[in-house]
Amino acid sequence: MQKMNKNKEIECLIKDVERKMGKKLVSPNDFKELIDCISKKSSQNETLGITTIKRLWGYVENEHKYRFYTVSVLARFIGYKDWADYCENLRMQGNTDSDFLTDRQIKSEDLHEGDLIEIGWIPDRRCVLCYLGNDTFRVESEENSKLSAGDTFKAVLFCLDSPLYVSSLNCSRGNGLSYVAGKNHGLTLLERL
3 MQKMNKNKEI ECLIKDVERK MGKKLVSPND FKELIDCISK KSSQNETLGI TTIKRLWGYV
63 ENEHKYRFYT VSVLARFIGY KDWADYCENL RMQGNTDSDF LTDRQIKSED LHEGDLIEIG
123 WIPDRRCVLC YLGNDTFRVE SEENSKLSAG DTFKAVLFCL DSPLYVSSLN CSRGNGLSYV
183 AGKNHGLTLL ERL
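Residues in the sequence shown are numbered from 3 upward in steps of one, following the numbering used here.
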């Protein structure tokens with residue numbers, strides 16, 4: 003039985019499945035909905051377990067490798083013959099490592115001092131940020147994050163579905179640090195308040 007390691011192709015598959023579903027999959031109900039959709043669409047009576055899907059999405063700890071069957075079922079769900087066909091299509095498109103950011107985004111250059119934005123990322127992280135000017139933000143409030151109220155950092159772009167990279171982070175751990183939020187799945191919440 004062939005097993006797959008998590009890599010760029012798996013990340014692309016997850017994004018393509020979420021695109022087909024019309025939303026990010028972030029809760030047990032989302033994963034159950036995906037399984038139901040696969041069962042309804044499959045002409046081969048294919049099914050996947052909810053734990054398998056949660057592992058693939060990183061919703062639960064995962065020390066397992068991914069089976070060819072699992073990723074092939076997902077590839078068929080989005081219109082490909084199997085996993086190999088999906089990977090070949092990615093290689094032909096040449097878009098696995100770079101692309102233009104077209105999703106919803108907020109640029110610091112478009113903000114005014116005092117503007118508030120809210121960001122969130124998997125599994126349950128949330129921060130409200132205040133723009134201080136000069137690409138600098140202060141954390142106003144947070145839930146389940148390593149960032150704390152009062153921390154400041156620099157950032158020029160917040161983009162939904164992409165990781166947030168910050169620099170010049172001043173916090174209890176030190177000053178001038180760099181930090182990434184949503185490293186694996188990107189920001190799942192991005193709102194101007």
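Using N, Cα and C, we set each Cβ at its ideal position, and we do this for glycine too.
For Ala183, write down the residues that DSSP places opposite it in a beta bridge. In the sequence shown, the residue the question calls residue 183 occupies position 181. According to DSSP, Ala183 bridges with Leu166.
Going by DSSP in three states, Arg69 sits in which element: helix, strand or coil?
Within the sequence shown, numbered from 1, the residue matching residue 69 stands at position 67. Reduced to three states, the DSSP call for Arg69 is strand.
Closer than 7 Å by C-beta to Val141: which residues in its own chain qualify, once you throw out the five before and the five after it? Chain order, please. Within the sequence shown, the letter at position 139 stands for residue 141. Result list for Val141: Cys129, Leu131, Leu149, Ser150, Ala151, Gly152, Asp153, in chain order.
So Arg194 and Ile108 are in contact, right, with Cβ under 8 Å, and what is the actual spacing, rounded? Locating residue 194 in the sequence shown gives position 192, where the first residue counts as 1. Locating residue 108 in the sequence shown gives position 106, where the first residue counts as 1. With 8 Å as the limit, Arg194 and Ile108 qualify as a contact, their Cβ atoms being about 6 Å apart.
By Cβ distance below 7 Å, which residues in the same chain neighbour Ile55 in space, the five residues on each side in sequence not counted?
-> The count along the sequence shown starts at 1 and reaches residue 55 at position 53. Within the same chain, Ile55 has close Cβ partners Phe33, Leu36, Ile37.
So Leu134 and Glu115 are supposed to be a Cβ contact under 8 Å. How far apart are they, rounded? The residue labelled residue 134 in the question sits at position 132 within the sequence shown. The residue labelled residue 115 in the question sits at position 113 within the sequence shown. Contact flag correct, Cβ pair sits at about 6 Å.
Item checked: Sequence-distant residues of its chain with Cβ nearer than 6 Å to Asn172 (five each side left out) -> By one-based count along the sequence shown, residue 172 stands at place 170. The answer, listed in chain order, is Thr154.
message = Taking the alpha carbon of Leu92 as the reference point, which residue from Glu13, Ser169, Tyr71 has its own alpha carbon closest?
response = Counted from its first residue, the sequence shown places residue 92 at position 90. Checked all of Glu13, Ser169, Tyr71; the closest Cα to Leu92 is Glu13.
Q.
Taking 8 Å as the limit between beta carbons, can you name the residues of its chain near Glu20, skipping five residues before and five after?
A. Mapped onto the sequence shown, residue 20 falls at position 18. Same-chain partners within the cutoff: Lys26, Leu27.
Exercise for the section: Using only alpha-carbon positions, find the residue among Gly122, Asp137, Phe160 that is nearest to Glu145. Expected result: In the sequence shown, counting from the first residue as 1, residue 145 sits at position 143. Here the closest residue by C-alpha is Gly122.
Inset, instruction - Using alpha carbons as the reference points, say which of Arg175, Pro30, Cys39 lies closest to Met23. - result: Here residue 23 refers to the residue found at position 21 when the sequence shown is read from its first residue. For Met23, the nearest C-alpha among the options comes from Cys39.
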